[in-house]
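Some notes on the structure that comes next.
Structure, rendered in structure tokens:
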């Protein structure tokens, strides 16, 4: 087993395919882009609707995606009630992982002993009675090593034409998240929140590879995955992924399923937190879907009980759970390159790289550079990747020919170079291959023929992880186990109980670092058993329809709905609302214990190992 640490990596496609606002120009572009469109029946003429693929319909509202030029998009934008937005992208909030060290307390221990993770104790999930009813959980992620002996054998999933088979993990992120939620109590490995055999998981896979072809998580793919999750009866949906761009269409989907189906959505807040922000009080950017109104945004605590350095600060944070030193299951069939070192006159030196291959083939530990195994991306190819997000057919065939020639000449490793600069970094390549291949971020002249390269990689059944992804999974697993005690409890009752009983950290009441605090699932269970009512009504929300008699809070004031309304702002002069006193729930802190969670972070065994998290993603490889 290799003792290595995954290094820093970001997702190219999140940068390249960011949503860019469009403006109407006198000379509109004829280039087509993919858009998401929401419209009502009869609003769009037949000629234009032929360009759109209907994703689903609700009543007389249709949701579609399709290729449109700028003129067509602008024509739709001026229609009342029509929503048009580019199909933006997201990335997995993977955090860091580290293969378990090869010392006395290494991963081999898990082959004959079982770890009860510290976060089960810190969140009091372990104090809940065994799950007595099935609460279906949907994990939208990178897939799953479905045959892992520590995961439920009854898990189901959804095969995607874009991402491939759900039971094949694109790297290890999805398997790690699934293990936190549902690793089984079987005497070996690690326990998850739903460690009993009642775990009911459904997997939706969104990406095919980490850095190669199919590595973009499109908003339309996420919407499709959410709809599939709802169709199979999921009550909790875990989304450990994010992007910076707000989507009206996504909001409509999540709000509808929250209210109509009673689904609880859990999202990772992101790993973009800044130390400067924590010391100055500045807020970090909001990431989505976690920051949508009907998604629980989960931040991460470190093993000292404070907000983790990478966990963001903003007013959308709802809860925090442990997010460092999280031991969980990994894809046993994935080979993640950890380092690429080139031999020089002074010895071996580390080279910045990104692993492009799918990690299916075991890479060599040492290799001699073969001339036929090298290729430099020309300027026009870089333009294709940056402008279109894809390779031309010609470039794709060239790269396949390089791979073929490398194999024929006895090579074991393909090196792809490009002419970059200090201000430019290519973080991936839309090219699928199972042959060990890296994209090297350095001058191609460094790799002379017959020079020596040394590689390291890991391939384990268990890894240690850190990130808000892991924190979100803990929240998801805890909610599912809590809800399993009584499936008649509603979504609102579950969420309210967690808010009322969480351990308040940071400032008194809900704050931008810790939200409502660290959930205590055992106290939430007791709260629900006593049938306590919510202290204050829920905050008014513009996209929720209110029936006559329903109460809301708006700016601390309580209002009662006079009749059905949606989007009508409560105020004293409104005919749709009547003022009914005041109620400020923002300062409640029923479980505050001196702002201290350190006493709950009782790590044992493997969790005590020193893990340095220098990587931004649990990925195929993220050197340099």
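Numbering (the working numbering), first residue to last: 35 to 658. Positions of the beta carbon are idealized from the N, C-alpha and C atoms, including for glycine. Computed from a predicted structure; not experimentally measured.
Measuring alpha carbon to alpha carbon, tell me which residue in the options is nearest residue i.
i, options, result
"residue 277", "322, 218, 81, 162", "322"
"residue 120", "465, 82, 68", "68"
"residue 237", "195, 146, 206, 191", "191"
"residue 161", "556, 605, 521", "556"
"residue 326", "489, 308, 352", "352"
"residue 467", "390, 532, 419, 488", "390"
"residue 412", "398, 376, 430, 400", "430"
"residue 564", "586, 545, 520", "520"
"residue 397", "419, 318, 491, 305", "491"
"residue 243", "376, 280, 197", "197"
"residue 163", "575, 558, 604, 583", "558"
"residue 486", "613, 568, 399, 417", "399"
Which word fits residue i, buried or exposed, when buried means at least 16 other C-beta atoms lie within 10 angstroms of its C-beta?
i, result
"residue 470", "buried"
"residue 510", "buried"
"residue 632", "exposed"
"residue 548", "buried"
"residue 355", "buried"
"residue 194", "buried"
"residue 94", "exposed"
"residue 88", "exposed"
"residue 206", "buried"
"residue 552", "buried"
"residue 542", "exposed"
"residue 341", "buried"
"residue 318", "buried"
Quick one: residues in its chain with C-beta nearer than 7 Å to the C-beta of residue i, no 5 flanking neighbours on either side, listed in chain order?
i, result
"residue 618", "590"
"residue 328", "288, 289, 292, 299"
"residue 484", "402, 403"
"residue 443", "404, 406"
"residue 285", "326, 577"
"residue 476", "385, 386"
"residue 228", "165, 215, 216, 511, 514, 515"
"residue 180", "189, 201"
"residue 393", "205, 368, 369, 370, 654"
Have a look at residue i and residue j and give me their C-alpha separation to the nearest angstrom.
i, j, result
"residue 593", "residue 534", "21 Å"
"residue 499", "residue 336", "12 Å"
"residue 150", "residue 523", "28 Å"
"residue 437", "residue 425", "16 Å"
"residue 588", "residue 609", "16 Å"
"residue 331", "residue 435", "46 Å"
"residue 124", "residue 256", "9 Å"
"residue 73", "residue 82", "12 Å"
"residue 659", "residue 440", "Within the shown structure, residues of the chain are numbered from 35 to 658, placing residue 659 beyond reach of any answer."
"residue 186", "residue 233", "7 Å"
"residue 495", "residue 366", "5 Å"
"residue 378", "residue 395", "27 Å"
"residue 465", "residue 473", "11 Å"
"residue 169", "residue 408", "51 Å"
"residue 481", "residue 446", "15 Å"
"residue 259", "residue 303", "19 Å"
"residue 369", "residue 489", "12 Å"
"residue 350", "residue 333", "10 Å"
"residue 176", "residue 493", "17 Å"
"residue 506", "residue 226", "13 Å"
"residue 623", "residue 99", "Summary for residue 623: the model assigns pLDDT 45, below 50, so the residue's position carries little reliability, and this model does not support an answer."
"residue 155", "residue 358", "15 Å"
"residue 527", "residue 518", "13 Å"
"residue 316", "residue 90", "40 Å"
Can you list, in chain order, the residues of its chain whose CB lies under 6 Å from that of residue i, leaving out five sequence neighbours each side?
i, result
"residue 182", "363"
"residue 615", "592"
"residue 360", "499, 504"
"residue 343", "309"
"residue 153", "356, 508"
"residue 265", "none"
"residue 433", "465"
"residue 415", "429"
"residue 375", "382, 384, 488"
Return the chain-ordered list of same chain residues with a C-beta closer than 8 Å to the C-beta of residue i, the five sequence neighbours on each side being excluded.
i, result
"residue 660", "With the chain covering 35 to 658 only, the question about residue 660 has no answer from this structure."
"residue 66", "101, 102, 103"
"residue 554", "157, 158, 535, 536, 537, 625"
"residue 222", "144, 145, 146, 147, 148, 183, 184"
"residue 561", "531, 534, 535"
Cβ-heavy atom distance between residue i and the ligand FAD below 6 Å?
i, result
"residue 536", "Among the components modelled here there is no ligand, and therefore nothing to report on the ligand FAD."
Report task. Pair every Cβ in the stretch 267 to 278 with every Cβ in the stretch 498 to 514, then say whether three or more of these pairs are closer than 8 Å. Result -> yes
message: For the pair the stretch 102 to 116 and the stretch 73 to 87, tell me if three or more CB-CB distances fall below 8 Å.
response: yes
inquiry  = For the stretch 245 to 255 against the stretch 207 to 226, do three or more pairs of beta-carbon atoms, one drawn from each stretch, fall closer than 8 Å, so that the two count as touching?
reply    = no
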